[in-house]
Amino acid sequence: MPEQLSQSQIDALLKKMNSGEVDVQEEKRKIREYDFKSPKKFTKEQFKALDSLHETFSRMLSSYFSGLLRTVCEIDVLQIEEQRYYEYNNALPDTTLVGLVDMKPANRNYDDATLILDLSTSIGFYLIDRVLGGPGTGFNLDRDYTDIEIALLTNIMEKITQRIQDTWQANLEITAGLSGIETNARLLQVFAPEDVVVIVVLGIKLGNRAEGNLNICIPAEFLEQVMHTFSLRYARTSKRQDPSREEMKKRIILENVCDSNMEVRVIFDQFQLDLRDIMQLQPDDVIPLSKRVDSEVLVTVDKVPWFTAKLGQTKKKKAIRLCNIVTNGEEVVQWEKKEANS
């Protein structure tokens, strides 16, 4: 319990405060500036709906990059803010990759819109290096893109545009298409300088090496027309799913997947020969290999390494005995041995 002051002590303290002997600290109020020239058009709830939309887009884009680059990809929504177009354009670096995406709603009551995608140069050069078979190390470059590099990145931008369309389809029937690529942000004349836009900043991390942003610039006028379609779509429900129905769905999906045809190939050894030597090969020629006959072979499923195995024979037929599971080029689990006819 704090010590209580007596009446005489209170009177003495008030006397000192009136005489100025004791400083009185006034409570500081937090004042937030408000720009009356550009009032905010969207509420926090609407920004939450946009955040949910682009979280879905981030997962789809992360899956695409992981499959394309064969490496780990992490994409997160870092920020969503509302600002003037000239503020966004002035913040763009001189060397960047900008894609223009035309959004055309099926409902003609909504106007068409143009979205702007700008990709960091570090991510752009990393994508180029990995797509062309490189290790993904030379991505910190300070130069313009070549024509070949722009052609490669245009193809990737088209795939990103397709993911944007798939994401928006959950709320609004829409068609998205890449209409152009620009490498000089100063030449962009998409919106008027005073137009209000919403900027979505996505943080991208590829292979624990390259880091950068993908910024999406959406015109506020278009969002005001279609934002009401988000509220019902993104309303969270507390209804619990029926476990028996979920189990039935999983079983149906698994049964359909099990009927898929997969190509299984066994690779004993790989080597290179000059074309001249290949042209001179004749029947009964012997080609020396670098592996022993009893060594392990690689088993691929649709050209993806899955197992290591031993060559053998069963019931007078050539066969292999699976030994280990292979994931990302490394043996991780000892596989239960079983026979598989070739």
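Add 40 to the 1-based position in the sequence shown for the numbering used here, that's all there is to it. No residue lacks a Cβ here, since even glycine has one placed at the ideal position from N, Cα and C. Computed from a predicted model, the values in this text were never measured in an experiment.
Closer than 8 Å: residue i CB and nearest the ligand SAH heavy atom
i: Asn147; result: Of the ligands one can find in the structure shown there are none, so the ligand SAH has no counterpart to examine.
C-beta contact flag for residue i and residue j at 9 Å
i: Ile256; j: Ile156; result: yes
i: Ala146; j: Thr215; result: yes
i: Glu240; j: Leu90; result: What sits at residue 240 in the sequence shown is Val, not Glu. Yes, the Cβ-Cβ distance between Val240 and Leu90 is below 9 Å.
i: Ile318; j: Leu338; result: no
i: Asp158; j: Leu93; result: no
i: Arg124; j: Asp235; result: yes
i: Leu218; j: Glu198; result: yes
i: Ile163; j: Glu251; result: yes
i: Thr177; j: Pro133; result: no
i: Lys80; j: Glu122; result: yes
i: Val138; j: Ala225; result: yes
i: Lys343; j: Arg361; result: no
i: Thr135; j: Asp184; result: yes
i: Val333; j: Thr348; result: no
i: Asp151; j: Gln265; result: yes
i: Asp104; j: Arg203; result: This sequence places Tyr at residue 104; Asp is not what is there. In contact: Tyr104 and Arg203 (Cβ atoms closer than 9 Å).
i: Asn129; j: Leu228; result: yes
Residue i in three-state terms, based on DSSP
i: Ser321; result: A small correction: the amino acid at residue 321 is Leu; Ser does not occupy that position in the sequence shown. Leu321: coil per DSSP, three-state reduction.
i: Leu172; result: coil
i: Gln229; result: coil
i: Phe270; result: helix
i: Thr277; result: Residue placement at Thr277 is poorly supported in this model, since its pLDDT is 46, which falls under 50; the coordinates still yield a value, given next. Here Thr277 sits in coil by DSSP.
i: Asn381; result: With a pLDDT of 40 at Asn381, under the threshold of 50, the modelled position of that residue is not reliable, and no figure is offered here.
i: Leu242; result: strand
i: Ser59; result: helix
i: Thr83; result: coil
i: Ile365; result: strand
i: Asp116; result: strand
i: Glu295; result: helix
i: Arg316; result: helix
i: Lys289; result: helix
i: Gln47; result: helix
i: Leu53; result: helix
i: Leu329; result: coil
i: Gly352; result: strand
i: Lys88; result: helix
i: Glu261; result: helix
Residues of its chain near residue i, where Cβ-Cβ distance is below 6 Å and the 5 sequence neighbours each way are ignored
i: Leu246; result: Cys113 and Tyr166
i: Leu272; result: Residue placement at Leu272 cannot be trusted, given a pLDDT of 47 that sits under 50; the coordinates are not used to answer.
i: Ser106; result: Cys113
i: Phe270; result: Ala89 and Asn211
i: Gln309; result: Here the sequence assigns Asp to residue 309, which means Gln is not the residue at that position. Leu329 and Lys331.
Proximity test, Cβ basis, 9 Å: residue i and chain D
i: Asp152; result: Annotation note: the requested chain D is absent from the structure, which comprises a single protein chain.
Beta-carbon contacts of residue i that lie in its chain and below 8 Å, excluding the five residues immediately before and after
i: Met267; result: Phe82, Gln86 and Ala89
Integer Cβ distance of residue i from residue j, believed to fall under 8 Å
i: Ile115; j: Leu242; result: 6 Å
Other residues of its chain near residue i: CB distance less than 7 Å, five sequence neighbours each side excluded
i: Phe231; result: Tyr125, Val237 and Pro259
Every unbroken alpha helix (DSSP H) inside the region 124-176 [4 residues or more]: Complete alpha helix (DSSP H) runs here, min 4: 125-131 and 161-171.
Continuous alpha helix (DSSP H) assignments of at least 4 residues falling wholly in the region 179-230: Those alpha helix (DSSP H) runs which fall completely within the region 179-230 and span 4+ residues are 187-208.
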